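Visitor: Here you go, one structure.
Numbering (mature numbering (1 follows the signal peptide of the UniProt record, and there is no 0)), first residue to last: -21 to -1, 1 to 312.
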């Protein structure tokens, strides 16, 4: 009986040992954190900008091929000192691939300025030179660019270069009133003595509406100067700048109804901009800067009512000014 009891104890010990051998420590499991969802929505920036600027438009017309007794250039028109006050709606959007679409649309009113209208015989003998006051009309313009952001320096002083391709439309329309005679080379035989009023200044004598449509190739550079202060520069070359200009002489009945001269040509230009921007909050920013636009072309002047086409020379438009803006940034997620 003792032998049987011993065998039972031995069997029990083997069973317990086998059960202990089957016990395996199961490691604790922890939830694996999932990466954040990719954000396909873009980052938006919307704002308003005020631009105060001064501009000029100048061009020559050469009619010497039609009449060899006329000079080359035959007429020179200089619109100068044209002040402009304009408001702009500014926008920019960037997506997760750092592709961006940006631009602005603006318009305003023109004020002040002068027109100097000079006419020449062959040998550049000036036979007429008149001064007119510019008062009114307006300006409309807009720019749209698409490009890609590239980080050049990714430290505290972060620098981002953003090449782009885009389009710019720029139109200015000015009205000229009156005509005062300036000194010429033939003793005032055509216009009158210097200082005499040939046309009262209350009479509209001319309107000039210049419209530029341009391709933009350029880049934007942003450099963080301080925690909340950023320098932004924007430079664009205009390899193709198409001009359409309506030149309306209201008192020239010999030229027919207005617009009686239509100028056109394809030239080039450039546009420069610099801004200091302060992040007031995480969403709001204030900025101030300078801007300069230039476009130039040669082409044709079509006297549409009399069937004569002459040469358009050195048509240039310039505008320089300062601006201030407020922008709001947000995400759509």
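The C-beta atom is built at its ideal place from N, Cα and C for all residues, glycine as well. Remember, predicted model here, so these are calculated numbers, not experimental data.
Compute the Euclidean distance between the alpha carbons of residue 17 and residue 311, then round it to the nearest angstrom.
Guide: The residue given as residue 17 occupies position 38 in the chain shown. The residue given as residue 311 occupies position 332 in the chain shown. Any answer about residue 17 is weak, because its pLDDT of 46 lies below 50 and its placement is not dependable; what the coordinates show is given next. Each residue's Cα considered, the two are about 13 Å apart.
Visitor: Note down the Cα distance separating residue 157 from residue 59, rounded to an integer number of angstroms.
Guide: Counting from one through the chain shown, the residue named residue 157 turns up at place 178. Counting from one through the chain shown, the residue named residue 59 turns up at place 80. Roughly 16 Å separates the two Cα atoms.
Visitor: Starting from the C-beta of residue 15, find all residues in its chain whose C-beta is less than 6 Å away, skip the five residues before and the five after it, and write them out in chain order.
Guide: Translated into positions along the chain shown, residue 15 becomes position 36. With a pLDDT of 47 at residue 15, under the threshold of 50, the modelled position of this residue cannot be trusted; read the value that follows with caution. Closer than 6 Å at the Cβ level, and outside the excluded window around residue 15, lies no residue.
Visitor: Is residue 266 buried or exposed, if buried means 16 or more other CB atoms sit within 10 Å of its CB?
Guide: Taking the chain shown and counting its residues from 1, the one referred to as residue 266 is at position 287. Buried, because 16 or more other Cβ atoms sit within 10 Å of the Cβ of residue 266.
Visitor: Quick one: what's got a C-beta closer than 6 Å to residue 193's C-beta in the same chain, skipping five residues either side?
Guide: Residue 193 sits at position 214 when you count from the first residue of the chain shown. For residue 193, where only same-chain residues beyond five positions count, the Cβ hits under 6 Å are 147, 217, 220.
Visitor: Using CA atoms only, rank isn't needed, just tell me which of 40, 113, 61 is closest to residue 97.
Guide: By 1-based counting over the chain shown, the position of residue 97 is 118. For the residues 40, 113, 61, the minimum Cα distance to residue 97 belongs to 40.
Visitor: In three-state DSSP terms, what is residue 234?
Guide: Start at 1 with the first residue of the chain shown, and residue 234 comes out as number 255. Three-state DSSP puts residue 234 in a helix.
Visitor: What does DSSP give as the partner residues of residue 30 in its beta bridges?
Guide: Position 51 of the chain shown, counted from the first residue, corresponds to residue 30. Its beta-bridge partners are 65, 302.
Visitor: Which residues mark the beginning and the end of the beta strand (DSSP E) in which residue 250 is found?
Guide: Numbered from its first residue, the chain shown carries residue 250 at position 271. Element bounds for residue 250: 240 to 258.
Visitor: Mind reading off the beta-carbon distance from residue 35 to residue 297? Whole number of angstroms is fine, and I expect it under 8 Å.
Guide: Start at 1 with the first residue of the chain shown, and residue 35 comes out as number 56. Start at 1 with the first residue of the chain shown, and residue 297 comes out as number 318. Right, their Cβ atoms sit about 5 Å apart.
Visitor: Straight-line CA distance for residue 161 to residue 114?
Guide: What you label residue 161 is simply residue 182 of the chain shown in a count that begins at 1. What you label residue 114 is simply residue 135 of the chain shown in a count that begins at 1. Rounded to the nearest angstrom, the two C-alpha atoms are 20 Å apart.
Visitor: Taking the CB atoms as reference points, tell me whether residue 321 and residue 78 lie closer together than 9 Å.
Guide: The shown model of the chain, from -21 to 312, leaves out residue 321, and the question about it has no answer.
Visitor: Take residue 226 and list the residues in its own chain whose beta-carbon comes closer than 7 Å to its own, dropping the five residues that flank it on each side.
Guide: If you number the chain shown from 1, residue 226 lands on position 247. Cβ neighbours of residue 226 beyond the five flanking positions: 187, 238, 240, 242.
Visitor: What residue range does the beta strand (DSSP E) around residue 132 cover?
Guide: Sequence index remark: in the chain shown, residue 132 carries index 153 (1-based). 129 to 132 is the span of the beta strand (DSSP E), which, as asked, contains residue 132.
Visitor: Does the Cβ-Cβ distance between residue 155 and residue 127 come in under 9 Å?
Guide: The residue you call residue 155 lines up with position 176 of the chain shown. The residue you call residue 127 lines up with position 148 of the chain shown. No, these two residues do not count as a Cβ contact at 9 Å.
Visitor: With DSSP as the reference, please indicate the residues paired to residue 153 in a beta bridge.
Guide: Locating residue 153 in the chain shown gives position 174, counting from the first residue. For residue 153, which the question treats as bridged, DSSP gives the partners 187.
Visitor: Figure out for me which residue from 170, 302, 295, 309 has the closest Cα to the Cα of residue 37.
Guide: In the chain shown, the residue the question calls residue 37 occupies position 58. When only C-alpha atoms are compared, the closest one is 295.
Visitor: Starting from residue 80, trace the beta strand (DSSP E) both ways and give me its first and last residue.
Guide: Against the chain shown, residue 80 aligns to sequence position 101. Note, residue 80: beta strand (DSSP E), 78 to 90.
Visitor: If you follow the beta strand (DSSP E) that residue 275 is in, where does it begin and where does it stop?
Guide: As a first step, residue 275 is located in the chain shown; it is residue number 296 there, counting from the start. Taken as a continuous stretch (DSSP letters only), the beta strand (DSSP E) holding residue 275 covers 263 to 282.
Visitor: In the structure shown, what three-state DSSP assignment does residue 48 receive?
Guide: As a position in the chain shown, residue 48 is number 69, starting the count at 1. Residue 48: coil per DSSP, three-state reduction.
Visitor: State the Cα-Cα distance for the pair residue 170 and residue 163, rounded to the nearest angstrom.
Guide: Start at 1 with the first residue of the chain shown, and residue 170 comes out as number 191. Start at 1 with the first residue of the chain shown, and residue 163 comes out as number 184. One C-alpha to the other measures close to 9 Å.
Visitor: According to the neighbour-count rule (16 or more other Cβ atoms, all chains shown, within 10 Å of its Cβ), is residue 132 buried or exposed?
Guide: Indexing the chain shown from 1 puts residue 132 at position 153. It counts as exposed.
Visitor: Are residue 304 and residue 56 touching if we call contact CB-CB under 9 Å?
Guide: Numbered from 1 along the chain shown, position 325 holds the residue referred to as residue 304. Numbered from 1 along the chain shown, position 77 holds the residue referred to as residue 56. Result no, Cβ atoms of residue 304 and residue 56 do not sit closer than 9 Å.
Visitor: Taking just the CA atoms, how far does residue 65 sit from residue 120?
Guide: Translated into positions along the chain shown, residue 120 becomes position 141. Translated into positions along the chain shown, residue 65 becomes position 86. If I take the Cα positions, the gap works out to 10 Å.
Visitor: When we look at the beta-carbon of residue 291 and count the other beta-carbons within 10 Å, is it buried (16 or more) or exposed?
Guide: As a first step, residue 291 is located in the chain shown; it is residue number 312 there, counting from the start. Classification of residue 291: buried, given that the 10 Å Cβ count is 16 or more.
Visitor: Go ahead and pull the three-state DSSP assignment for residue 223.
Guide: Within the chain shown, residue 223 is the residue found at index 244, counting from 1. Reduced to three states, the DSSP call for residue 223 is strand.
Visitor: Look up residue 56 in the DSSP assignment and say whether it is helix, strand or coil.
Guide: On the chain shown, position 77 is the one that residue 56 refers to. Correct three-state label for residue 56: strand.
Visitor: Please work out which residues of its chain come closer than 6 Å, Cβ to Cβ, to residue 264, disregarding the five sequence neighbours upstream and downstream, and give them in chain order.
Guide: Locating residue 264 in the chain shown gives position 285, where the first residue counts as 1. Within the same chain, residue 264 has close Cβ partners 256, 258, 306.
Visitor: Could you tell me which residues DSSP puts in a beta bridge with residue 309?
Guide: Here residue 309 is taken as the residue at index 330 of the chain shown, counted from 1. Answer is 23.
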